[in-house]
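Contents: one structure, followed by commentary.
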Ligand code: C2O
Ligand code: CU
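In our numbering, the protein residues as written are 19 to 488.
Structure representation (structure tokens):
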């Protein structure tokens, strides 16, 4: 790819006629129960009106339909596969029963083209979640298959608007079409597939309008394959109220940057305190030598009011099983491989295999020395139902990895040698290169569960495993 993000930025700045970004208001505009979820080829105006990109989309739109429901309500939807490939739907972070988890071979057969599958289960926790395919994910996620799920809080903080920002990136050619070089070995062995165009809710963003005095809840959802966002909201002080759907004590992030790795969600409160007519940039600062302007916050001429805001009250603490650290069984899970990782060989399909032969088959990442070849690998940990576990994750590679466990949120005990000051639960843990992280969990959801890097290029190149709970 030749287009740099900077070139695209310039292109973006020139297109002054583009409308302000479309927002996904999460007011109940969608039925709580979505009857049919239909992945198929569609046209999306990622780059603005009239400029269409051929994508794969749920029910014709990128992002797919936003689901909004209350705790105890059921997702009840029939997947109707109109793609030319098999697919499944995974409900990321939802703690669904195993049979509804959408992992091909492990929890269900893949749904063939023209086939259907009925997903039905109850929402157990409030929070911001999302859905996406789990079959050939590197391509299916990247072509546009994703949607948000909002499970309402019982006592949400009072806000003027409750919005979703789905952050994504695309690798587009000069005609604005998706470049089809999925699982390119360079992407696979380095940081994954990074695009050249960022979108917010399926549109290259220009401006986000707000009014002085507003309090806004933003549910940030990173649906990109590999792009990590670290957002600076110039002139504003965001308060984080939840990670991966689970409440935390409201706090301002370190350096003011809101970091959202692939598949992660961060809910923030943004108080609009500036004056009518003012503009502020939202900048992505994750990648040191390529900071990137996501959009401008633009104050309209009409303030909402000048009354001082009441202090922000946090969400209710998450209702999750508390691990018993004294009785917990401890395991270490080591990720290795990739470019500059130093891995020489690993076990692949039962045989010790040298890195050259592995690379020839596009398999370059390992978990505890094993390169996965399929979703239904033998379990790396056999957990007993109701027991507590401590897992030490070791990222022994030169790249960051968002590590995702299905079916169970993980309580952070230690991250990069710092103990969190307050309980933090995550389903996806962003590990910096050459760091360790320790989590605890209760194996309270029976079945076989994926544990994998959520950069699908890494996952499909071996960076996945299974834990069983019986
Ligand atoms: Cu978001 Cu294994 O998934
Ligand atoms: Cu990875």
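No residue lacks a Cβ here, since even glycine has one placed at the ideal position from N, Cα and C. No experiment lies behind these values; they were computed from the predicted model shown.
| Item | Value |
| --- | --- |
| Which residue wins for smallest C-alpha separation from residue 126, given the options 77, 117 and 279? | 117 |
| Compare the Cα-Cα distances from residue 480 to each of 469, 487 and 486 and report the closest residue. | 469 |
| What is the rounded straight-line gap between the Cα of residue 65 and the Cα of residue 256? | 28 Å |
| Could you name the residues that DSSP lists as bridge partners for residue 94? | 138 |
| Taking one C-beta from the stretch 173-192 and one from the stretch 87-102 each time, how about it: are there three or more such pairs within less than 8 Å? | no |
| Is residue 440 buried or exposed, if buried means 16 or more other CB atoms sit within 10 Å of its CB? | exposed |
| Can we say the stretch 257-277 touches the stretch 217-225, given the rule of at least three CB pairs closer than 8 Å? | no |
| According to DSSP, is residue 155 part of a helix, a strand, or is it coil? | helix |
| Between which residues of its own chain and residue 135 is the CB-CB distance below 6 Å, once the five residues before and five after are set aside? | 97 and 129 |
| Does the beta-carbon of residue 282, which I'm using as the reference point, lie nearer than 8 Å to any heavy atom of ligand 2? | no |
| Could you tell me whether any non-hydrogen atom of ligand 2 is closer than 8 Å to the CB of residue 383? | yes |
| On the DSSP letters alone, give me the boundaries of the alpha helix (DSSP H) that residue 223 sits inside. | Run containing residue 223: none; DSSP gives neither H nor E here. |
| Closer than 6 Å from C-beta to any heavy atom of ligand 1: which residues, in chain order? | 108, 110, 150, 152, 281, 422, 424, 468, 470 and 472 |
| Are residue 183 and residue 236 touching if we call contact CB-CB under 9 Å? | yes |
| Among residues of its own chain, excluding the 5 on either side of residue 107, which ones have a beta-carbon nearer than 7 Å to its beta-carbon? | 55, 97, 120, 137, 149 and 151 |
| By the 10 Å Cβ neighbour count, where 16 or more other Cβ atoms means buried, how is residue 401 classified, buried or exposed? | buried |
| With H, G and I counted as helix, E and B as strand and the rest as coil, what does DSSP make of residue 111? | coil |
| Would you mind giving the Cβ-Cβ distance between residue 100 and residue 58, rounded to the nearest angstrom? I have them listed as a contact below 8 Å. | 4 Å |
| Can you tell me whether residue 514 is buried or exposed, with buried defined as 16 or more other CB within 10 angstroms of its CB? | The chain is shown from 19 up to 488; residue 514 falls before or after that span and cannot be answered. |
| Considering Cα atoms alone, identify which of 76, 230 and 373 is closest to residue 294. | 230 |
| Could you check the C-alpha separation between residue 485 and residue 467 for me, to the nearest Å? | 5 Å |
| Is the stretch 276-285 close to the stretch 237-248, with three or more CB pairs under 8 Å? | yes |
| Considering Cα atoms alone, identify which of 388, 443 and 319 is closest to residue 478. | 388 |
| According to DSSP, is residue 58 part of a helix, a strand, or is it coil? | strand |
| Quick one: is the Cβ of residue 417 within less than 8 Å of any heavy atom of ligand 2? | yes |
| Does the distance from the CB of residue 448 to the CB of residue 421 come in under 9 Å? | yes |
| In chain order, what residues of the same chain lie with their CB nearer than 8 Å to the CB of residue 416, ignoring the 5 residues before and after it? | 356, 357, 358, 359, 451 and 452 |
| Tell me whether residue 430 is buried or exposed, calling it buried when 16 or more other Cβ atoms sit within 10 Å of its Cβ. | buried |
| Beta-carbon within less than 7 Å of residue 380's beta-carbon, same chain only, minus the 5 sequence neighbours each way: which residues are those? | 201, 203, 206 and 479 |
| Please state whether DSSP places residue 430 in a helix, a strand or coil. | strand |
| Pull up the CB-CB distance for residue 341 and residue 460, whole angstroms please, since I reckon it's below 8 Å. | 5 Å |
| What is the DSSP secondary structure of residue 49, counted as helix, strand or coil? | Here residue 49 scores only 47 on pLDDT, less than 50, and its place in the model should not be relied on; the value that follows carries that caveat. Three-state result, residue 49: coil. |
| Can you round the beta-carbon distance between residue 161 and residue 196 to whole angstroms, since I take them to be within the 8 Å contact cut? | 6 Å |
| Could you tell me the distance, in whole angstroms, from the CA atom of residue 193 to the CA atom of residue 61? | 14 Å |
| For ligand 2, is there a heavy atom less than 8 Å away from the beta-carbon of residue 420? | yes |
| For the alpha helix (DSSP H) containing residue 474, name the first residue and the last one. | 474-478 |
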